[in-house]
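Using the working numbering, the letters of the sequence shown map in sequence onto residues 169 to 383.
Ideal Cβ placement from N, Cα and C applies to all residues, glycine included.
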Amino acid sequence: MPFLDRGEAGQALAKALHKFAGRNVVVYALPRGGLPVGCEVAKALHCPLDIILVRKIRAPFQPELALGAVVDGAHPEIVLNDFAGSLQPTDEAIQAAAALELKEIERRRVIYLAGRKAEPATGRVAIIVDDGLATGATARAAIRAMRRQNPQHLVLAVPVGSAEAVDALRAEVDELICLELPPHFDAVGSYYTDFAQVTDQEAVAILAAAREACQ
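Right, dumping it as structure tokens:
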């Protein structure tokens, strides 16, 4: 397995992103799994750590299958996976599933941000970080939402990903960094020895520590 845990993966990713040190950078982690990874990157680059709230949209008839993702914002962005059309979900079903995920996004915003305003990306180097790419739906939604803020340079950085997802997303960002591209990709957790779920309490603690480090 390439990585012991998300912290070790973040340290390895930080080395690949070292060229951005000293620039006007913000790291945006996808909670919750992306936060321990993004924390190490932000620490190494001495830059703010923030979050971008994205949730998978699950098929109502097959909850383990992700149709796509929805990202928070004034105009929530819904991105569907390529195969979703073959399942013929109705617009009503997609909107209903997205509405459920937006409720969870709102819950997380209240807990994680606690009224704090998000770090703006306009004119800055925005680095979106997650613990891995499987289908890439959540990352694609995050990228498209971040593009609306007009960052000066948009980067997607992950420790591990499927070749298909990386190829599909490369054209959507200014730069894509993926440390490991297994020839026969399995689930993201297969490439970590410790892939324990990150709790809300841990997520809040990571963000609080990162804010304190930047003061």
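Rounded separation between Pro351 and Gly283 - CA only
43 angstroms
Under 7 angstroms between C-beta atoms of Glu146 and Val328:
Residue numbering for the chain in the displayed model covers 169 to 383; residue 146 lies beyond these limits and cannot be assessed.
With burial defined as no fewer than 16 other Cβ atoms inside 10 Å of the residue's Cβ, what is the status of Asp259: buried or exposed?
exposed
Residue from Thr367, Ala307, Val293 and Leu213 whose Cα sits closest to the Cα of His321
Val293
Are the segment 263-275 and the segment 292-308 touching, with three or more C-beta to C-beta distances below 8 angstroms?
no
Just the C-alpha distance for Leu203 and Glu269, rounded to the nearest angstrom, thanks.
19 angstroms
Let me know the alpha helix (DSSP H) ranges lying completely inside the segment 248-328, each 4 residues or longer, listed in chain order.
252-255, 259-281 and 305-315
Drop a sphere of 10 angstroms on the beta-carbon of Gly178, count the other beta-carbons inside from all chains shown, and report buried for 16 or more, exposed for fewer.
buried
Rounded to a whole number of angstroms, what is the C-alpha to C-alpha distance between Asp298 and Ala267?
23 angstroms
Span of the beta strand (DSSP E) holding Leu347?
Glu343 to Glu348
Once DSSP output is grouped into helix, strand and coil, what is the label at Ile220?
coil
Consider the Cβ of Thr258: report whether some Cβ of chain B lies at a distance smaller than 7 angstroms.
Among the chains of the structure shown, chain B does not appear; only one protein chain is present.
Can you have a look at Arg223 and say buried or exposed, based on whether 16 or more other CB atoms are within 10 angstroms of its CB?
buried
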